[in-house]
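Going line by line, the protein sequences match chains F and A. According to my numbering, the stretch in the first sequence is residues 1 to 81, in order. According to my numbering, the stretch in the second sequence is residues 1 to 302, in order.
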Amino acid sequence: MIYEIPLPMPDRLLAKPILNAREVHEYLERRGFRPFVVSVDNSRAKIMVYFDEELDEEKKGDLVDAVLDFYREWIGVAEYE
Amino acid sequence: MGMFEYLSPEYVKSKLDLLDISLSSLRDALRGTDSRTLTDLYTQLNNILSKLDVNLSTRAADSTLSSFSGKFPSAVTLADNLSNPSTTIIGAANLGWDGTYWRRLATDTSGRLRISADVVANPSNLDISLSALRDALRGTGNKTLTDLDTDLNTIISRLPTSLTTAGNFKIALLEDSVGILKDSKIPNALGVITSQDVIGNAVNVLAVVNMLTPSRQPYTIANINVSTTEGSTSIASPGAKILLIKNKGDVDVQIGINGSVPTTNPFIVRARTIKVLPHKGVTQVNYKVSSGSSTIDIEYYN
Chain F
1 MIYEIPLPMP DRLLAKPILN AREVHEYLER RGFRPFVVSV DNSRAKIMVY
51 FDEELDEEKK GDLVDAVLDF YREWIGVAEY E
Chain A
1 MGMFEYLSPE YVKSKLDLLD ISLSSLRDAL RGTDSRTLTD LYTQLNNILS
51 KLDVNLSTRA ADSTLSSFSG KFPSAVTLAD NLSNPSTTII GAANLGWDGT
101 YWRRLATDTS GRLRISADVV ANPSNLDISL SALRDALRGT GNKTLTDLDT
151 DLNTIISRLP TSLTTAGNFK IALLEDSVGI LKDSKIPNAL GVITSQDVIG
201 NAVNVLAVVN MLTPSRQPYT IANINVSTTE GSTSIASPGA KILLIKNKGD
251 VDVQIGINGS VPTTNPFIVR ARTIKVLPHK GVTQVNYKVS SGSSTIDIEY
301 YN
């Protein structure tokens, strides 16, 4: 199952692309997820996360939150920006 | 009628001339410079007398004392390497004081001194008792050297006699066990890969499983967009053992394995081609194109 999370402020991502998808992967694992693949598309500003099984609605929300938390920290913006 | 008798004046004069010093001068001359009296002398003599408690005749005569001189060696100055002196042997009784009486030191019939030490100096190294040392050495299991010897003998009895002096352990497998075939089942011709050898007998062969051989589910990550901005895809541990990258676009795709795409001489998957990469464990694939864009599929086994 693939979950595609679009990333806001793509200009900031292009200025500081994520070249190490493994960092996102390990971050998600620390947040309790077990994806088998994480793919970062810097040019289209999105992250695809692959799971063996479908996530329930709550987990999907948690996944989006986790990816965005990582992204905010990566580009250096606070949650309220 | 009276008769007068008188001394001759010359005679009297001669006698009076003998009184040539005064009586006080005579007294002082007799008492001497320390002005001692006869009483002083009497006192001193009495003191001496009190110490002469027996007659001197009862004391050893000088001739007797002189006979002792032969019993002792001549006096010499102490120095190293003196020769062995001749001396009179003098015995002494060895006694021990028990606090009330002197007791004779005893020996057994072999002349060995019999000693039962009650209190002895305790050197600092003797800080635990012998029984404590014994118990510590025997441990909680209370094992003796005999116990160890028994076990060692048991171990020795189970060792094969084929243990060589070079330390090589020769052993014949008599039973099949985990991962090991008994020697009778190991074929001489290991090159035979079928279940029969060249003359048609059934045989067993040994197989080696390579660490690169995949053993898990293969996955496909399809239609990954590749642009001039580098992207990356991570693969869960232990990573891909065999990685297949299919370039479905019309431009070459530059690849980085477990890191960014190298700036010089990167691994390239040409347009419309597939490359297969065996690897110890690919946990990340990076990709980009020098111009335009492309699409790749990543397939892997781990």
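Every residue, glycine too, gets a C-beta built ideally from N, C-alpha and C.
Separation of Gln-284(A) and Val-226(A) (C-alpha to C-alpha, rounded to the nearest whole angstrom) is 15 angstroms.
Every beta strand (DSSP E) of 3 residues or more that sits fully in the segment 98-155 of chain A is shown, in chain order, as 102-104. In the DSSP annotation of this structure, the continuous segment of the beta strand (DSSP E) that includes Gln-254(A) starts and ends at 253-257. Contact of Ala-21(F) with chain A by beta-carbon distance below 7 angstroms involves Ser-232, Thr-233, Ser-234, Gln-284.
Look at the segment 22-75 of chain F and you find these whole runs of beta strand (DSSP E), each 3 residues long or longer: 37-41, 46-50.
Interface annotation, Val-24(F): in contact with chain A, CB-CB separation under 8 angstroms.
In summary, the residues of the segment 218-230 of chain A whose CB is separated from some CB of chain F by less than 9 angstroms are Tyr-219, Ile-221, Ile-224, Asn-225, Val-226, Ser-227, Thr-228, Thr-229, Glu-230, in the order they occur in the chain.
About 5 angstroms separates the Cβ atoms of Ser-294(A) and Val-251(A), confirming a contact at the 8 angstroms cut-off. No Cβ-Cβ contact shorter than 8 angstroms links Tyr-287(A) with Val-37(F). Taking Ile-224(A) as the centre and dropping the five residues before and after it, the same chain places the C-beta of Gly-231, Thr-233, Tyr-287, Thr-295, Ile-296, Asp-297, Ile-298 closer than 8 angstroms to its C-beta, in chain order. For Lys-288(A), the enclosing beta strand (DSSP E) covers residues 284-288.
Between the alpha carbons of Tyr-300(A) and Tyr-3(F) lies a gap of roughly 20 angstroms.
According to the DSSP assignment, Tyr-219(A) belongs to the beta strand (DSSP E) that extends over 219-226.
Taken atom to atom, the span from the alpha-carbon of Ser-50(A) to that of Thr-43(A) is near 11 angstroms.
Between Ala-93(A) and Trp-102(A), the alpha-carbon positions lie close to 11 angstroms from each other.
Under the Cβ criterion of 8 angstroms, Ser-157(A) is not counted among the residues facing chain F. When Cβ pairs closer than 8 angstroms are counted between the two stretches, the segment 71-78 of chain F is seen to touch the segment 5-13 of chain F, the count reaching three or more.
It is roughly 10 angstroms from the alpha-carbon of Lys-71(A) to the alpha-carbon of Ile-90(A).
With respect to chain A, the C-beta atom of Val-38(F) has a partner C-beta closer than 8 angstroms. Contact between Ile-221(A) and Val-276(A) is absent: CB atoms are separated by about 15 angstroms, not below the 8 angstroms threshold. Following the DSSP letters along the chain, one finds Tyr-11(A) inside the alpha helix (DSSP H) bounded by residues 9-16. In terms of beta-carbon proximity, Ser-260(A) lines the interface with chain F, with at least one pair separated by less than 8 angstroms. For Asp-41(F), the chain A residues whose Cβ falls inside 7 angstroms of its Cβ are Asn-225, Gly-231, in order along the chain. Collapsing the DSSP output to three states places Ala-61(A) in coil. Interface flag for Pro-6(F) against chain A is unset, since no Cβ pair is found closer than 8 angstroms. For Phe-33(F) and Lys-280(A), the gap between their C-alpha atoms comes out near 25 angstroms. With its beta carbon at least 8 angstroms from every one in chain A, Pro-10(F) lies outside the interface. Counting every other CB atom within 10 Å of its CB across the protein chains shown gives Ile-156(A) a total below 16, marking it as exposed. By the beta-carbon neighbour count (other beta carbons within 10 angstroms, threshold 16), Ser-22(A) is exposed. For Leu-14(F), the nearest CB of chain A lies under 8 angstroms from its own CB, placing it at the interface with that chain. In the three-state DSSP reduction, Pro-10(F) falls in the helix class (H, G or I).
Within chain A, no residue has its beta carbon less than 8 angstroms from that of Arg-30(F); the closest one is some 14 angstroms off.
A straight-line Cα-Cα distance of about 45 angstroms links Glu-57(F) and Thr-264(A).
Contact of Tyr-3(F) with chain A is not assigned, every C-beta pair being separated by 8 angstroms or more.
Taking all protein chains shown into account, Pro-9(A) has fewer than 16 neighbouring C-beta atoms within 10 Å of its C-beta and is therefore exposed.
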